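All remarks here apply to the structure that follows.
Number of protein chains: 2
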Amino acid sequence: MIGLDLAHEYIDSVMTKKNFAIVGVGLMGGSLALKCRKLGLADRIVGVDSNPVHATTAIEMGLVDEFMSLEDAIKVSDVVILAVPVGIIAAMLPVVIDHVTHQVVIDMGSTKSALVKSVEFHPNRGRYVASHPMWGTEYSGPEAAVESAFQDKAVILCNAADSDADAVAFAKLMFEALSMHIIEMDAQDHDLHAAYVSHISHITSFALANTVLEKENEDRAIFEMASAGFESTVRLAKSNPEMWTPILMQNRENVLDVLNEHISQLRKFKSCLEKENWEYLNELMSKANQIKRIIQ
Amino acid sequence: MIGLDLAHEYIDSVMTKKNFAIVGVGLMGGSLALKCRKLGLADRIVGVDSNPVHATTAIEMGLVDEFMSLEDAIKVSDVVILAVPVGIIAAMLPVVIDHVTHQVVIDMGSTKSALVKSVEFHPNRGRYVASHPMWGTEYSGPEAAVESAFQDKAVILCNAADSDADAVAFAKLMFEALSMHIIEMDAQDHDLHAAYVSHISHITSFALANTVLEKENEDRAIFEMASAGFESTVRLAKSNPEMWTPILMQNRENVLDVLNEHISQLRKFKSCLEKENWEYLNELMSKANQIKRIIQ
Numbered sequence: 658m659i660g661l662d663l664a665h666e667y668i669d670s671v672m673t674k675k676n677f678a679i680v681g682v683g684l685m686g687g688s689l690a691l692k693c694r695k696l697g698l699a700d701r702i703v704g705v706d707s708n709p710v711h712a713t714t715a716i717e718m719g720l721v722d723e724f725m726s727l728e729d730a731i732k733v734s735d736v737v738i739l740a741v742p743v744g745i746i747a748a749m750l751p752v753v754i755d756h757v758t759h760q761v762v763i764d765m766g767s768t769k770s771a772l773v774k775s776v777e778f779h780p781n782r783g784r785y786v787a788s789h790p791m792w793g794t795e796y797s798g799p800e801a802a803v804e805s806a807f808q809d810k811a812v813i814l815c816n817a818a819d820s821d822a823d824a825v826a827f828a829k830l831m832f833e834a835l836s837m838h839i840i841e842m843d844a845q846d847h848d849l850h851a852a853y854v855s856h857i858s859h860i861t862s863f864a865l866a867n868t869v870l871e872k873e874n875e876d877r878a879i880f881e882m883a884s885a886g887f888e889s890t891v892r893l894a895k896s897n898p899e900m901w902t903p904i905l906m907q908n909r910e911n912v913l914d915v916l917n918e919h920i921s922q923l924r925k926f927k928s929c930l931e932k933e934n935w936e937y938l939n940e941l942m943s944k945a946n947q948i949k950r951i952i953q
Numbered sequence: 658m659i660g661l662d663l664a665h666e667y668i669d670s671v672m673t674k675k676n677f678a679i680v681g682v683g684l685m686g687g688s689l690a691l692k693c694r695k696l697g698l699a700d701r702i703v704g705v706d707s708n709p710v711h712a713t714t715a716i717e718m719g720l721v722d723e724f725m726s727l728e729d730a731i732k733v734s735d736v737v738i739l740a741v742p743v744g745i746i747a748a749m750l751p752v753v754i755d756h757v758t759h760q761v762v763i764d765m766g767s768t769k770s771a772l773v774k775s776v777e778f779h780p781n782r783g784r785y786v787a788s789h790p791m792w793g794t795e796y797s798g799p800e801a802a803v804e805s806a807f808q809d810k811a812v813i814l815c816n817a818a819d820s821d822a823d824a825v826a827f828a829k830l831m832f833e834a835l836s837m838h839i840i841e842m843d844a845q846d847h848d849l850h851a852a853y854v855s856h857i858s859h860i861t862s863f864a865l866a867n868t869v870l871e872k873e874n875e876d877r878a879i880f881e882m883a884s885a886g887f888e889s890t891v892r893l894a895k896s897n898p899e900m901w902t903p904i905l906m907q908n909r910e911n912v913l914d915v916l917n918e919h920i921s922q923l924r925k926f927k928s929c930l931e932k933e934n935w936e937y938l939n940e941l942m943s944k945a946n947q948i949k950r951i952i953q
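This is how it looks when you write it as structure tokens:
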């Protein structure tokens with residue numbers, strides 16, 4: 658950990674352009690690349706991606722300047738962004754910080770406990786800033802990248818006290834430059850909360866899609882009737898399983914708790930319908946209306 | 658039932674302005690009023706509403722010209738639109754068609770079987786066209802009305818063979834003038850399909866809101882993390898229970914079937930998490946991805 662004075666000195670210097678390495682040039686990494694270049698935060702952007710099709714697309718779209726191996730990309734960069742599925746981040750992070758000297762390593766994963774744990778006792782732990790930008794779509798790959806991605810969204814920084822002050826300072830400046838607001842949180846709290854406000858929404862959407870697709874085998878006509886309400890509740894079912902399997906693996910216990918609670922809430926609706934208890938059904942829906950306090 | 662020749666003669670005349678009675682000047686009725694006036698379909702629009710606050714707002718917003726009792730409104734109108742909750746439509750419809758002479762009666766309810774059944778053997782049955790415009794939002798009341806509401810959406814006409822040809826012809830012209838596309842369907846099929854592509858989405862959303870609100874009592878911080886995915890799956894939970902209780906009452910059996918299927922789909926996800934069966938979890942999500950064939 659370096660001292661706060663040094664950190665402030667660093668802050669004065671960070672608005673100079675940096676060399677970025679972006680590992681995983683898809684929806685998240687690609688969007689970050691677009692915006693960092695637009696803002697003039699990035700001098701050179703080097704991509705790392707195991708998918709040659711994504712790499713070609715990312716070059717064609719101008720998201721990154723060139724592709725390199727992970728090790729070479731780290732060497733030529735000041736900032737290393739990890740934007741691959743969280744299973745790969747967990748495996749890759751200890752290797753990445755083996756190789757860092759001055760670089761700041763920032764991940765964009767949807768889970769945090771397993772990631773901070775993977776480097777808990779590493780001598781270079783301080784170079785890593787655990788972050789979760791609260792933005793995403795159901796699409797993936799570089800062609801899904803959008804410049805306006807992070808605008809006015811929250812980003813969670815976890816266990817920042819375990820990161821070097823200059824690394825945290827840079828991460829904050831970068832996310833603020835992206836017009837994000839920063840929330841600091843313990844990694845375990847993050848994972849619990851993410852289960853409630855993100856991971857369960859994906860499970861309900863996947864399950865709803867399967868519910869309706871089971872029926873669709875019998876009758877395609879029903880989709881002609883699908884309107885905005887249906888689309889809204891089911892759109893997350895288009896999300897990439899390669900991204901979501903490791904998230905649900907890493908956050909298994911929290912997600913199971915929330916899923917059990919959700920099934921028990923659905924059973925209350927079922928019981929009202931079975932018993933024709935319309936008063937209690939109305940009450941359950943009125944209670945749910947209180948979500949208005951939270952979302953506009 | 659009048660003959661097709663008479664119906665064609667009627668079609669030629671329908672583009673002249675009509676007097677409308679709109680019963681229930683809220684989200685649906687108010688939006689229809691706005692658009693019919695804009696298109697020049699409506700000459701005078703008379704409102705009927707038991708809620709004096711809604712009536713005042715509707716007059717102030719210029720949605721309707723004046724309010725009358727139901728009986729008076731029918732007398733002075735050519736077209737009677739029923740846009741109240743489906744429980745009220747079921748009770749009101751036999752009374753309304755008791756009073757019609759030449760008027761066309763069109764409802765906008767989200768269920769159809771109970772409504773067509775309520776007037777099945779009525780001598781004026783032919784004046785009624787059972788319709789369900791596939792548009793809505795989680796908001797209610799006249800202030801929720803929007804002129805663009807029905808643009809490019811589907812509208813289901815049910816059991817049209819039981820309606821007089823001139824009444825169906827007018828309903829089709831009106832909905833086409835609203836830029837809607839018309840699907841004809843049996844009322845029972847409609848209710849089954851609506852359970853899959855609309856009613857279940859509302860239940861999952863209400864239940865998800867309650868799942869998260871249970872937790873929120875313990876910790877408000879989680880909502881700072883809520884992003885677009887959460888909002889998308891939970892927004893229908895803001896829907897009006899006074900509208901949704903009668904829908905779920907009338908479509909109880911279909912909704913129970915779909916809800917049982919949905920809970921069993923959720924249990925598959927639960928079982929994968931419990932048994933750490935990541936391969937099957939991935940498979941379930943990949944299967945759900947097929948919803949891409951249906952929604953953009």
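The listed protein sequences derive, respectively, from chains A and B. With our numbering applied, the first sequence covers 658 to 953. With our numbering applied, the second sequence covers 658 to 953. Don't be surprised by glycine CBs; every beta carbon is placed ideally from N, CA and C. These numbers come from a predicted model, not from an experiment.
Please list, in chain order, all residues of the same chain as residue i whose beta carbon is under 6 Å from its beta carbon, the five residues on each side excluded.
i: Phe807/A; result: Pro790, Trp792, Leu835, Met837
i: Cys929/A; result: Tyr937, Leu938
i: Met725/B; result: Val703
i: His847/B; result: Lys769, Ile813, Cys815
i: Met900/A; result: Pro742
So, helix, strand or coil for residue i, using DSSP?
i: Ala842/A; result: Reading the sequence as shown, one finds Met at residue 842/A and not Ala. Met842/A falls in the strand class under three-state DSSP.
i: Ile659/B; result: Unreliable placement is indicated for Ile659/B, whose pLDDT of 46 sits below 50; the coordinate value is still reported in the next sentence. Ile659/B: coil per DSSP, three-state reduction.
i: Phe724/A; result: strand
i: Val761/A; result: strand
i: Tyr796/A; result: coil
i: Val601/A; result: This structure leaves residue 601/A out entirely; chain A is present only between 658 and 953.
i: Val790/A; result: Residue identity differs from the one stated: residue 790/A is Pro in this sequence, not Val. Correct three-state label for Pro790/A: strand.
i: Phe832/B; result: helix
i: Ala826/A; result: helix
i: Phe880/A; result: helix
i: Asn676/B; result: strand
i: Ala811/B; result: strand
i: Asn939/A; result: helix
i: Val776/B; result: coil
i: Val736/A; result: strand
Determine, for residue i, whether the minimum Cβ-Cβ distance to residues of chain A falls below 8 Å.
i: Leu689/B; result: no
i: Ser884/B; result: yes
i: Gln760/B; result: no
i: Glu918/B; result: yes
i: Leu772/B; result: no
i: Met791/B; result: yes
i: Val869/B; result: yes
Leaving out the 5 sequence neighbours to the left and right, which residues in its chain are closer than 7 Å to residue i when beta-carbon positions are compared?
i: Met658/A; result: In this prediction, Met658/A scores a pLDDT of 43, lower than 50, which makes its location untrustworthy; the coordinate-derived value is nonetheless stated afterwards. Counting only Cβ-Cβ distances below 7 Å, and skipping sequence neighbours, we find Gly783, Asp821, Ala822.
i: Glu940/A; result: none
Does residue i have its Cβ less than 8 Å from a Cβ in chain B?
i: Gly783/A; result: no
i: Gln947/A; result: yes
i: Phe807/A; result: no
i: His863/A; result: Sequence check: residue 863/A is Phe here, not His. Yes, because at least one Cβ of chain B sits closer than 8 Å to the Cβ of Phe863/A.
i: Leu941/A; result: yes
i: Ala878/A; result: yes
i: Ile702/A; result: no
Using a Cβ-Cβ cutoff of less than 8 Å, which residues in the same chain neighbour residue i once the five nearest sequence positions on both sides are dropped?
i: Lys674/A; result: Gly697, Leu698, Ala699, Asp700
i: Ser858/B; result: Leu893
i: Ile754/A; result: Val762, Val776, His779, Asn781, Arg782, Arg784, Tyr785
i: Glu804/A; result: Ser688, Leu691, Lys692, Lys695
> In the stretch 836-858 of chain A, which residues sit with their C-beta less than 9 Å from some C-beta in chain B, listed in chain order?
Replying inline: From the stretch 836-858 of chain A, only His838, Ile840, Met842, Asp846, His847, Leu849, His850, Ala851, Tyr853, Val854, Ser855, Ile857, Ser858 have a Cβ closer than 9 Å to chain B.
> For the stretch 922-934 of chain B, which residues have a beta carbon sitting closer than 9 Å to at least one beta carbon of chain A?
Replying inline: Taking 9 Å as the Cβ-Cβ cut-off against chain A, the residues of the stretch 922-934 of chain B that qualify are Gln922, Leu923, Arg924, Lys925, Phe926, Lys927, Cys929, Leu930, Glu931, Glu933.
> Per the contact definition of three or more C-beta pairs closer than 8 Å, is the stretch 729-748 of chain A in contact with the stretch 840-850 of chain A?
Replying inline: The stretch 840-850 of chain A vs the stretch 729-748 of chain A: no contact.
>> So if I threshold CB-CB distances at 7 Å, which residues from the stretch 883-910 of chain B count as touching chain A?
In response: Here the close residues are Ala883, Ser884, Gly886, Phe887, Glu888, Ser889, Thr890, Val891, Arg892, Leu893, Ala894, Lys895, Pro898, Trp901, Thr902, Leu905, Met906, Arg909.
> Given 8 Å as the limit, is there contact between the stretch 740-751 of chain B and the stretch 712-725 of chain B, that is, 3 or more CB pairs closer than that?
Replying inline: Contact fails between the stretch 740-751 of chain B and the stretch 712-725 of chain B, because fewer than three Cβ pairs, one in each stretch, are under 8 Å apart.
> Is the stretch 694-712 of chain A close to the stretch 747-754 of chain A, with three or more CB pairs under 8 Å?
Replying inline: Too few Cβ pairs lie closer than 8 Å, so no.
> Are there three or more Cβ pairs, one per stretch, closer than 8 Å when the stretch 884-893 of chain B is compared with the stretch 910-924 of chain B?
Replying inline: Short answer: they don't touch.
> Residues in the stretch 811-838 of chain B with C-beta within 7 Å of chain A's C-beta atoms, listed in sequence order?
Replying inline: If the cut-off is 7 Å between Cβ atoms, the stretch 811-838 of chain B has Ala811, Ile813 near chain A.
>> Short of 7 Å Cβ to Cβ, which residues in the stretch 704-719 of chain A face chain B?
In response: Against chain B - using a Cβ distance shorter than 7 Å - the stretch 704-719 of chain A contributes no residues.
> Do the stretch 915-927 of chain A and the stretch 761-775 of chain A touch if we need at least three Cβ pairs shorter than 8 Å?
Replying inline: No: the two stretches stay apart, fewer than three of their Cβ pairs being nearer than 8 Å.
>> Please list, in chain order, the residues of the stretch 732-765 of chain B that have any C-beta partner in chain A closer than 9 Å.
In response: Taking a C-beta cut-off of 9 Å against chain A, none of the residues of the stretch 732-765 of chain B qualify.
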